[in-house]
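S.K.: Chains A and B, in that order, are what the protein sequence lines are. One gets the numbering used here by counting positions in the first sequence from 1 and adding 258 to each. One gets the numbering used here by counting positions in the second sequence from 1 and adding 767 to each.
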Amino acid sequence: MQVLLFGMIAEKAGADRIQVDASSLDQLRTRLVERVEGLATMSYAIAVDRRVVQQDMPFTGTEEIAVLPPFAGG
Amino acid sequence: MSEVNAHRKRDIFVEGAIAPSFISDSIAKHATRHDIGAHEIFLGQVRADMIGGRSVEAIEYTAYADMANEQMTAIREEAFARWPQMTCLHVHHSLGVIKAGELCFFVFASATHRQQAREAVAYVTDEVKKRLPIFGKEIFAEGGHVWKTNS
């Protein structure tokens, strides 16, 4: 599935979207840490279909997934 | 969906700084609304912070716009439910490179009386900073950058 990256996480990964195979949120977290260097020590949230989700959930593969560093609006 | 409940798709983002003339035009547009007795405005301006001996000359804003606009719709609904005498609410946020001294954030509420407008602007300003996925790269005059984080 395609994962959208933003801000300092996109900068670290050198891309604003990456392809990751994951069937659940927990699996995605594990894969992301492997794929994006330094992510394990960074503060970030994961949005599924434009909502921040903390608890593990299964993916159907059609979700819009985004990795969000700390917000800085205003 | 009934006409009353239908939501207009709104986009709060503007490319570049918010011009002071845009703000005065926004105020002028409300002259025909004779039920309004008070306007309250918050303006965010890019500050030339000193960080580790370097000075911020600009902030480059990016956003997850679809999620940000959805969150803004929710915040707007919360505000209208809480302050029913608020007649209108306008929110704009910049994207791209905004120089120190330029405006990047505009919250504008109008109501029959000042208390409702004041409280709504304070609430909406805080919630936007907390809940909208907007990211800021603080660019130093001396070269290099750091990523801004709202506390």
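Each residue gets a CB set at the ideal place from its N, CA and C atoms; glycine is no exception.
Tell me the rounded alpha-carbon separation between F902(B) and K896(B).
M.R.: 10 Å
S.K.: For the beta strand (DSSP E) containing V913(B), name the first residue and the last one.
M.R.: H912 to K915
S.K.: In chain order, what residues of the same chain lie with their CB nearer than 8 Å to the CB of N772(B), ignoring the 5 residues before and after it?
M.R.: Below a pLDDT of 50, predicted positions are generally treated as unreliable, and N772(B), at 40, falls in that range; no measurement from the model is reported.
S.K.: Taking C-beta pairs closer than 9 Å, name the residues in chain A that E837(B) reaches, listed in chain order.
M.R.: Within 9 Å Cβ-Cβ: R308 and R309.
S.K.: Taking C-alpha atoms, which residue in E869(B), T840(B) and V891(B) lies nearest to A876(B)?
M.R.: V891(B)
S.K.: Using 10 angstroms around the beta-carbon of P900(B), count the other beta-carbons present and answer buried if the total reaches 16, otherwise exposed.
M.R.: Buried, since its Cβ has 16 or more Cβ neighbours within 10 Å.
S.K.: Count the other CB atoms within 10 Å of the CB of R849(B); is the residue buried (16 or more) or exposed (fewer)?
M.R.: exposed
S.K.: If we call anything under 9 Å between Cβ atoms a contact, is A825(B) one with I785(B)?
M.R.: no
S.K.: Please list, in chain order, the chain A residues whose beta carbon lies closer than 7 Å to that of T829(B).
M.R.: Neighbours of T829(B) in chain A, taken as residues whose beta carbon is under 7 Å from its own, are F264 and G265 in chain order.
S.K.: Evaluate E905(B) with the Cβ neighbour count: other Cβ atoms within 10 Å of its Cβ, from every protein chain shown; 16 or more gives buried, anything less gives exposed.
M.R.: buried
S.K.: Please compile the residues from chain B whose C-beta is within a distance smaller than 7 Å of the C-beta of P316(A).
M.R.: Those within 7 Å of P316(A) in chain B number zero; the least Cβ separation is about 21 Å.
S.K.: With a cut-off of 8 Å on the beta carbons, I'd call L862(B) and Y828(B) a contact; round off their distance for me.
M.R.: 5 Å
S.K.: Could you compute how far the alpha carbon of D893(B) sits from the alpha carbon of Q852(B)?
M.R.: 20 Å
S.K.: Got a sec: which bits of the stretch 901-913 of chain B sit with their beta carbon under 7 Å from any beta carbon on chain A, in order along the chain?
M.R.: I901, F902 and G903
S.K.: Do F264(A) and P327(A) come within 9 Å of each other at the CB atom, strictly closer than that value?
M.R.: yes
S.K.: Can you list, in chain order, the residues of its chain with a C-beta nearer than 8 Å to that of K311(A)? Leave out the 5 residues immediately preceding and following it.
M.R.: A small correction: the amino acid at residue 311(A) is Val; Lys does not occupy that position in the sequence shown. Taking V311(A) as the centre and dropping the five residues before and after it, the same chain places the C-beta of L283, I304 and A305 closer than 8 Å to its C-beta, in chain order.
S.K.: Assign L286(A) to one of three DSSP states: helix, strand, or coil.
M.R.: helix
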